[in-house]
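Residue numbers for the sequence shown follow the numbering used here, so the first one is 3 and each next one is one higher. We treat Cβ as the ideally placed atom computed from N, Cα and C, and that holds for glycine. Quick caveat, the model's predicted, so the values are computed rather than measured. Please read the structure below before turning to the comments.
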Amino acid sequence: MGTRTMTSSEFNQDTGGAKRSAEEGPVFITEGGCPSHVLLTFADYQRLARSHPGVIELLTHPRGTGDVEFHPPRSDESARPAEFD
Numbered sequence: 003m004g005t006r007t008m009t010s011s012e013f014n015q016d017t018g019g020a021k022r023s024a025e026e027g028p029v030f031i032t033e034g035g036c037p038s039h040v041l042l043t044f045a046d047y048q049r050l051a052r053s054h055p056g057v058i059e060l061l062t063h064p065r066g067t068g069d070v071e072f073h074p075p076r077s078d079e080s081a082r083p084a085e086f087d
């Protein structure tokens, strides 16, 4: 899987070439010398999207915590307003 880097101007002038290059691997598009976009085939995008759980999945199903029981003691202290000087 090869990668290609092209400027945004090159991308605008040869979109078809960029799409053909994306068949071989990701195409990094730069603006001002810095990467700004990545062109992937839809199949590559789907593979990447499936391989990593989303934020919601990570927060609702954290790994390695299924058998941990945590019951912190209740505090006896009553809440009081903050004091500002």
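Can you tell me whether DSSP reads Thr-62 as helix, strand or coil?
Walking along the sequence shown from the start, residue 62 turns up at place 60. DSSP places Thr-62 in helix when its eight states are reduced to three.
Ordered along the chain, which non-local residues of its own chain (more than five positions away) have a Cβ less than 8 Å from that of Lys-21?
In the sequence shown, counting from the first residue as 1, residue 21 sits at position 19. Cβ within range, chain order: Leu-41.
Pairwise C-alpha distance: Thr-7 and Asp-87
As a position in the sequence shown, residue 87 is number 85, starting the count at 1. As a position in the sequence shown, residue 7 is number 5, starting the count at 1. Put simply, the backbone Cα of Asp-87 is about 57 Å away from that of Thr-7.
Using 8 Å as the threshold, is the C-beta distance between Thr-43 and Ser-10 below it?
Translated into the one-based positions of the sequence shown, residue 43 becomes position 41. Translated into the one-based positions of the sequence shown, residue 10 becomes position 8. In this structure, Ser-10 does not lie closer than 8 Å to Thr-43 by Cβ.
Within 10 angstroms of its Cβ, does Pro-28 collect 16 or more other Cβ (buried), or is it exposed?
Counting from one through the sequence shown, the residue named residue 28 turns up at place 26. By the Cβ-count criterion, Pro-28 is buried, with 16 or more other Cβ atoms from all chains shown falling within 10 Å of its own Cβ.
First through last residue of the beta strand (DSSP E) which encompasses Glu-33
Mapped onto the sequence shown, residue 33 falls at position 31. From DSSP, the beta strand (DSSP E) with Glu-33 extends over 29-33.
What residues in its chain sit with their C-beta under 7 Å from that of Ser-23, if we drop five residues either side in the sequence?
Taking the first residue of the sequence shown as 1, we reach residue 23 at position 21. Only Arg-6 and Val-29 meet the Cβ criterion.
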